[in-house]
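Okay, structure first, notes after.
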Amino acid sequence: MSLIVDQLEKTFGEGQAETTVLKNLNFEVSEGEFIILTGASGSGKTTLLTILGGLLSQSAGEIRFNQQPLFNNSKKASSLRLTEIGFIFQSSHLVPYLTVEEQLITVGKEAGQSARAAKQRARKLLTEIGLEKRLTVYPNHLSGGEKQRVAIMRAFMNDPKMILADEPTASLDADRATYVVEMLRNHIKKDNKVGIMITHDQRLFDYADRVIYLEDGQIKEKE
10 MSLIVDQLEK TFGEGQAETT VLKNLNFEVS EGEFIILTGA SGSGKTTLLT ILGGLLSQSA
70 GEIRFNQQPL FNNSKKASSL RLTEIGFIFQ SSHLVPYLTV EEQLITVGKE AGQSARAAKQ
130 RARKLLTEIG LEKRLTVYPN HLSGGEKQRV AIMRAFMNDP KMILADEPTA SLDADRATYV
190 VEMLRNHIKK DNKVGIMITH DQRLFDYADR VIYLEDGQIK EKE
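All residue numbers for the sequence shown refer to the numbering used here, where the first residue is 10 and numbers rise by one.
The structure is reproduced here in structure tokens:
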């Protein structure tokens with residue numbers, strides 16, 4: 010299992026207003042590999058991750074997953090996001106009228122898990138990240154860091170084959186950020202997932218198998 014990005018480009022606008030955000034990107038991520046994307050603001054990192062998650066289409070090039078085009082149409086993209094892709098946004102985007110536990114259970118049930126199985130998995134994941142005492146709490150009673158930890162575990166509810174994370178530790182303190190990234194890496198390694206995370210925090214680079222630097226929509230270098 011691998012993710013292959015082949016001559017990927019993304020352009021916004023037309024004519025004189027046309028702007029190319031991503032330019033001829035080529036790289037591969039193998040199963041069990043944890044990659045960090047970094048670069049200055051406006052370098053195209055979030056646009057790239059959004060395309061890989063099926064939330065935005067590319068202008069040119071191809072994305073292949075398991076030797077097949079990742080997205081063929083909007084219906085397939087929607088299905089893959091539900092069953093095979095876990096996306097962690099910079100903001101938690103929790104549903105305000107669902108408790109911590111319900112945030113995860115809802116995702117599990119939508120992905121085809123029974124109510125019992127979804128509840129068991131939700132509690133296991135939330136305990137793993139230290140939120141076992143916050144199961145019945147609503148988002149408005151959570152700290153920013155707690156909300157983000159819920160969002161991170163929600164991304165694992167459907168046991169996705171690919172984890173995409175956009176600055177998932179931005180609202181966490183240094184110790185909690187390190188813990189979360191270690192946990193992400195361990196899940197990716199143990200379950201042979203493809204993992205890509207955006208971060209500017211150089212203290213976290215050591216946890217990645219490789220670091221890819223973007224500059225003006227192009228890959229500047231890989232470590």
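Here a beta-carbon is modelled for each residue, glycine too, at the ideal position from N, C-alpha and C.
Cα-Cα separation between T108 and V146, rounded to whole angstroms: 5 Å
Sequence-distant residues of the same chain with beta carbon closer than 6 Å to T29, five excluded per side: Hits under 6 Å: T20.
Environment of I221 [buried if 16+ CB atoms lie within 10 Å]: buried
DSSP state of K84 mapped onto helix, strand, coil: Interpretation of K84 is limited by its pLDDT of 49, a score under 50 that renders its predicted location unreliable; the figure taken from the coordinates is listed afterwards. If DSSP states are grouped into helix, strand and coil, K84 belongs with the helices.
Cβ neighbours of L140 in the same chain (closer than 8 Å, five flanking residues each side left out): V109, E155, R158, V159 and M162
Residues that V30 bridges to, as DSSP identifies them: BP columns for V30 are empty, so no partner.
Pairwise C-alpha distance: A126 and K118: Cα to Cα, the separation comes out at about 9 Å.
Near the ligand NAP: L61 beta-carbon under 6 Å from a heavy atom: Looking at this structure, you won't find the ligand NAP or any other ligand, since it has none at all.
Three-way DSSP call (helix, strand, coil) for G204 in this model: strand
Residue from T136, G63 and Q67 with nearest C-alpha to L31: Q67
Burial state of N167 (16 or more Cβ within 10 Å): Buried, since its Cβ has 16 or more Cβ neighbours within 10 Å.
Buried/exposed call for T136, threshold 16 Cβ in 10 Å: exposed
R212 classed as buried or exposed, judged by whether at least 16 other C-beta atoms fall within 10 angstroms: exposed
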